[in-house]
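These notes are about the structure you will find just below.
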Ligand code: IPE
Ligand code: IPE
Ligand code: MG
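In the working numbering, the protein residues as written are 271 to 522.
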């Protein structure tokens, strides 16, 4: 966990009107399908369309990093047919989308323990990452066979968390009504603003994203300081360095 990334507990990040990094737990696909008397997997298929729409919407709003939880290390516990459908969906989505992502200036990253995936899928992932590596409009990170605990443990060996060059998420969104982290980004969410919505992932749209961003805008991000200090900082030109900025990287 050496100083390859900047931690909000060491350096106070600049707070912008639009979150630089949005991280989403895309939940509720199964329930979306069930409500329509369709098999659960129909919800996953529909969920890919929401992903496509959200990539566009984030680009349009100036979000720089979008991190999506696609498959958790616990999701292997699901019925084998659902797991295999999800793997095939991942393959077909990569095949269908890489070209469009690239054309739109999106840099793709996949984080998670890829050793459990079939070689064909890993090869597609690596190809997609390589093709889009120099794009900079939006970094789209897909967390697949990802677990926050796995990430922290692998960081101890690799000396870096799964996406070391990204700022920590400013805004965390979970759709589907559940209010839990489910082993998503445990370390990186230390100072993120949380937004939970009952909207199921396949129904999540631009308006729902704007509601989340507007809620984010109303938050006061204090990072340990007092409200008064934030007011003073806004008045001071130029702003004095805070003790937190001067702190050394304890694990560098
Ligand atoms: C999220 O939707 C997608 C994955 C976890 C792969 P779910 O499949 O968890 O949908 P619900 O929670 O059962 O509705
Ligand atoms: C979290 O959703 C994982 C993903 C969205 C990929 P789950 O639906 O698996 O979470 P739990 O098990 O209900 O907490
Ligand atoms: Mg779920």
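Where a beta carbon is used, it is the ideal one built from N, C-alpha and C, also for glycine.
heavy atom of ligand 1 below 8 angstroms from residue i C-beta
i, result
"residue 455", "no"
"residue 300", "yes"
"residue 340", "yes"
"residue 473", "no"
"residue 345", "yes"
"residue 297", "yes"
"residue 450", "no"
"residue 470", "yes"
"residue 310", "yes"
heavy atom of ligand 2 below 8 angstroms from residue i C-beta
i, result
"residue 278", "no"
"residue 354", "no"
"residue 398", "no"
"residue 313", "no"
"residue 446", "yes"
Residues sharing a beta bridge with residue i, DSSP
i, result
"residue 301", "DSSP output for residue 301 lists no bridge partner at all."
"residue 456", "Answer is none; residue 456 lacks a bridge partner."
"residue 463", "441"
"residue 293", "337 and 442"
Contact belief for residue i with residue j at Cβ below 8 angstroms, rounded distance in angstroms
i, j, result
"residue 359", "residue 318", "7 angstroms"
"residue 378", "residue 398", "5 angstroms"
"residue 301", "residue 470", "6 angstroms"
"residue 461", "residue 438", "7 angstroms"
"residue 381", "residue 433", "6 angstroms"
"residue 335", "residue 407", "11 angstroms between Cβ atoms; not a contact."
"residue 445", "residue 467", "6 angstroms"
"residue 361", "residue 338", "No, residue 361 and residue 338 are not in contact; Cβ-Cβ is about 17 angstroms, not under 8 angstroms."
In chain order, which continuous runs of the beta strand (DSSP E) of length 3 or greater are located wholly inside the stretch 375–422?
If we require 3 residues or more, the beta strand (DSSP E) runs fully inside the stretch 375–422 come out as 376–381 and 408–416.
Starting from the N-terminal side, write out each stretch of the alpha helix (DSSP H) that is 4 residues or longer and does not extend beyond the stretch 299–374.
Runs of the alpha helix (DSSP H) inside the stretch 299–374: 299–305, 310–331 and 350–373.
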